[in-house]
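First comes the structure, then the notes that go with it.
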Amino acid sequence: MVVESEEVRHESSEEYDSEEYEDDDEVLDTEHIDVELEEDDFKTQGKERCKDAFLNFSSDYEDNEADEDNDLVDEDEEGFGSEEEIDDTAGANDLDLGDAVGAGFPIHDPSVKWNKMKPLLGERYESPHQLQQCLTNYAIKSGYNIKFAKCDTVRLTAKCGSKMKSQPCPFRVHASWMTQERSFQIKTLVDEHKCVRNFNISNLLSPRWLARHFLKELIMKPNLKCKEMQSIIRTKFHCGVSWSKAYRTRCRAMTIIDGKLTEHYARVWDYCHELLRSNPGSTVQVGVTVNPDETTYFHRMYLCFKAIKEGWKIGCRRVIGLDGSFLKGTCKGELLTAIGRDANNQVYPIAWAVVDIENKANWKWFLELLTEDLNLLDGGGFTVISDQHKGLLEATKEVLPNVEHRQCARHIYANFRKTYSGVEFKNMFWAASLSTVESEFLRKMDDIKEVNPNAYEHLIARDPHTWCRAFFRTDVACEAVENGIAECFNAIILDARKKPLLAMFEEIRLYMMDRFYHMLQKAEKWESVVCPAAIKKMNKFGEDLRNWNVNPSGPSIFEARNGLEGYVVNLQSRVCSCRLWDISGIPCVHAQCAILFTGQDPVHFISEWFHVDRFKAIYANNILPVNGRNLWPRTSYIKPLPPLARRMPGRPTLKRKRHATESQDKYSQNKMKVTGKGRTVQCKNCLQRGHNKASCKNPKVTPEPKPKKKMGRPRLDPDISHWTRGGVRGGVRGSRGGARGSRGGRGGNRGGAVGNTGDVVANRGGGVAEVEGGGVAEVEDDTIPEKYLVHLWKAMQDLKQSRYSTEEIKKSLSLTDSHMKQLNDYNDTIEQVLPMSMEEEYPPQTETQDGDEENIPETQPESEEEEEGINDTHELPVHLRIVKKRRPSERIVKTKLKKMGCVGTSSNSPLELD
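All the letters of the sequence shown, read from the start, carry residue numbers 1 to 914 under UniProt numbering.
Pasting the structure below:
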């Protein structure tokens, strides 16, 4: 925005006499704004004024101000003609009035539409500036370029701006002051062009002239872009302008609409008195700075409407978000805001203030006024969420010593990420921050400590009580760990923050009035007792509802379990041991399971803070209307001047700079890109970091050869026992009884087996032996666990049959001498426990011509005792369970047991081998 009070304006080589032709009190009449309208709109609307009274009256514009340098003349345009080139001799179109009174000559009507203006011989004007404006409108409409050879406070001479020297154009206008009256009159006019009509009139389309033609467009569409303005100008005036000229046009037009910066600050006292008159009970406070020379400067201003603070007391939760944001326009400073949460968990602005800088003194002043308005006392029972601004933290401790002060977890992580970056640290941090139980938080922090102890110390030093849910209070119905709701409001008023002081305050006030009205209309359409945002959050909490089981303990006490996890739910007290229901006021997944178990609706167990009745009570009383600027009362206070500008280093930005940790939404223009930023290159010549081979000046270094890696897949956890699934299978694979054979089908070849912790599959004719207690063994001493003893013993027997030596067996199965002794003892035990008598147990079977065995169908037991005898077994190891499939052939069993070193089996039950 251009500050008009600091502009230097020039029209030509000489300035106008400000005493005669400038009137600072002149107000732009929007009824006569020179804007081209559609024919139908012009008939219906006529001379309709701007609907917004504030914008209407604040459109003060000095019509007699001179334009800036190079606005009328481009850089490539020829200069003004010298005085000798002007022919002042009277001709056929000259007017010699002498001392006659100009009562019979026409008077220029400035209310005529701009494209209907036409200069007439003898026409009288108020000033040379008014005539210049008429000639400019006439030239732009006709498409012929003109230039002002002489334009000062005494006379004005204009001629054709064509550059054709072979055929000069006769167009010429000369005017001067009349002697008998105070009128500026055209005394010479040659209204004839012999040049080409090419609409080369860009030098006449100055930002000042164009600004008057874009007033209504910018009032109706404040976000009109410069590219769109260029397109409108090219279509409307048949001439193109540069982007910079369109930008200057927009700035000048917005200055006309919003008024001058000095005028805004000069009428601060009047605006405050009008707010207090129209909204009694509101709090409006203005602070000024008086210098030793008795110069008064604006310092800060606080505003809180009565309807807003009463609505917060009635129905909003006792949670307040505090944040500060920079002002983007000509009004420099920062905007401090206090944001609440309504019953639908939406933005509820409570109070806002403009200060020169965000520091402890200004935050303390803001919190003192906010405490008085909301009756916060010492902060007991209230919660404040903010960022890590040191001034804000210290001011909160002084003004609200007993308040629960939460720090935004996003800001905590942003600082944490500067040193400890990566997806692993990110996931572990947010898992710890969202923990609702202290024990869970400590487990998550132990995970961080195991990865990096320094990261653990960094987070502990930031006081986890301020950013972890496990330590939050349970009486405010808010589980938020971020202050995103305050950032949301700052984004809503982004356009308002670009405006001057009073225009910005009015924009926020009008937004709040409109919001209160529409929120109340929206609530009338809700049919549920609870606001929809709370129901949506409850459904999100219960996404894995089907995985939880409920065990009742009483009419209102239940236990919700999911595997090893279990939580106690008390419906009467409305608490859960996970604390999420206590913190948020919305039933968690465990509470929802218990509620549904009793046949009730979980919606009825949502906290009253989220009821529709409270929502309607919040927005029941709206802000009362305020009169326009023309009706503000005049006060006798000293008019403050704008604060001294604080020029910050670098180019000012309009949009908030997103942190790298913030997610990019689908509407964002800056999509996430993978770049090499932050990487350190390594030189391939000297093997040092910080430069590449092209710029290396060091001698060549031969890298050391890398050590050869062991074959095979490395273990994920070296602490896991050697006797895992992979270890046993690795020892067996490749032997004669290996895991993958030809005739063994699924499990192995004839007599082959696969030793693992799960199912053990035998060859055809065999059975399935399931080993109980499958899993990964954790070996504390040098003893083989009993559940792995059978597998290792079988694997050892297979390797022995494959003619492996004892040392090769120990190396393949990673066994020690004590392990081998234990396996040998087990082998002796098996020979004693499992006697074998194959002739009595299995009848002989016939063989086919191909040499394959033919299974004999099983005989049905004659009695229940016989069936029980078949299933009866001798004493077997407790970890070996027999699952009957079909009887194997006698020869196969004998061969297999012989290979395994066994003597015999039970007389009634076959031994299922893998």
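Backbone N, C-alpha and C define an ideal beta-carbon position, used for all residues, glycine too.
{"query": "Contact under 9 Å by Cβ, residue 955 with D270", "result": "Shown here, the chain extends from 1 to 914; a query on residue 955 therefore has no answer."}
{"query": "Paired residues, beta bridge with N427 - DSSP", "result": "In DSSP, N427 forms no bridge with anything."}
{"query": "Contact set for L224: own chain, Cβ-Cβ below 8 Å, skip 5 residues either direction", "result": "F214, E217, L218 and R250"}
{"query": "Status (buried if at least 16 other CB within 10 Å, exposed otherwise) for V589", "result": "buried"}
{"query": "7 Å Cβ shell around L275 - same chain, five flanking residues per side excluded", "result": "S282, V284 and V626"}
{"query": "In DSSP terms, what S386 is bridged to", "result": "Q407"}
{"query": "Minimum length 3: unbroken beta strand (DSSP E) runs contained in the region 148–211", "result": "155–160, 172–177 and 184–190"}
{"query": "Where the alpha helix (DSSP H) containing G122 begins and where it ends", "result": "Element bounds for G122: n/a, residue is neither H nor E."}
{"query": "V681, enclosing beta strand (DSSP E) - first and last residue", "result": "Premise fails: V681 is in no beta strand (DSSP E) and is neither H nor E."}
{"query": "CA-to-CA distance, N291 to E438, given in whole angstroms", "result": "55 Å"}
{"query": "Boundaries of the alpha helix (DSSP H) in which M117 is found, first to last residue", "result": "Per DSSP, M117 belongs to no alpha helix (DSSP H) and is neither H nor E."}
{"query": "Every unbroken alpha helix (DSSP H) inside the region 476–503 [4 residues or more]", "result": "484–492"}
{"query": "Three-state class that DSSP yields for Y637 in the structure shown", "result": "coil"}
{"query": "Local conformation of G143 per DSSP, three classes", "result": "coil"}
{"query": "Other residues of its chain near L135: CB distance less than 7 Å, five sequence neighbours each side excluded", "result": "P119, I146, A158 and V173"}
{"query": "Paired residues, beta bridge with M301 - DSSP", "result": "V286 and V354"}
{"query": "For V603, three-class secondary structure by DSSP", "result": "helix"}
{"query": "Y348 burial status per 10 Å Cβ neighbour count (16 or more: buried)", "result": "buried"}
{"query": "Assigned exposure category for E228 - 16 Cβ within 10 Å defines buried", "result": "exposed"}
{"query": "Secondary structure, alpha helix (DSSP H): runs of 4+ residues fully inside the region 546–591", "result": "580–584"}
{"query": "Span of the alpha helix (DSSP H), counted from its first residue to its last, around T255", "result": "W243 to D258"}
{"query": "Distance between beta carbons of C151 and P132, contact taken as under 8 Å", "result": "Per the sequence shown, residue 132 should be read as Gln rather than Pro. The Cβ separation is near 6 Å, so the contact holds."}
{"query": "Endpoints, beta strand (DSSP E) assigned at R341", "result": "E334 to R341"}
{"query": "Proximity of M301 and G315 at Cβ, strictly below 9 Å", "result": "no"}
{"query": "Per-residue burial, D323 [other beta carbons within 10 Å of its own, 16 or more giving buried]", "result": "buried"}
{"query": "Rounded Cβ spacing between F382 and R318 (contact assumed at less than 8 Å)", "result": "5 Å"}
{"query": "CA-to-CA distance, V154 to I493, given in whole angstroms", "result": "49 Å"}
{"query": "Extent of the continuous beta strand (DSSP E) to which S325 belongs", "result": "V319 to F326"}
{"query": "Residues near E123 in its chain [Cβ-Cβ closer than 8 Å; skip 5 each side]", "result": "F105, P106, I107, H108, Q185 and I186"}
{"query": "Three-way DSSP call (helix, strand, coil) for I784 in this model", "result": "coil"}
{"query": "Exposure of R212, with buried meaning 16 or more beta-carbon neighbours within 10 Å", "result": "buried"}
{"query": "Cβ-Cβ separation, V399 to L434 (assumed contact under 8 Å), whole Å", "result": "Wrong, their Cβ atoms sit about 30 Å apart, outside the cutoff."}
{"query": "Rounded straight-line distance, which links the Cα of I350 to that of F605", "result": "29 Å"}
{"query": "Coarse secondary structure for D852, derived from DSSP in three states", "result": "Note that D852 scores a pLDDT of 43, beneath 50, so its modelled location is shaky; the value from the coordinates is reported in the next line. It is coil, neither helix nor strand."}
{"query": "Enclosing alpha helix (DSSP H) for G311 [first to last residue]", "result": "K306 to G315"}
{"query": "The region 460–480 in contact with the region 418–426 per 3-pair CB rule at 8 Å", "result": "no"}
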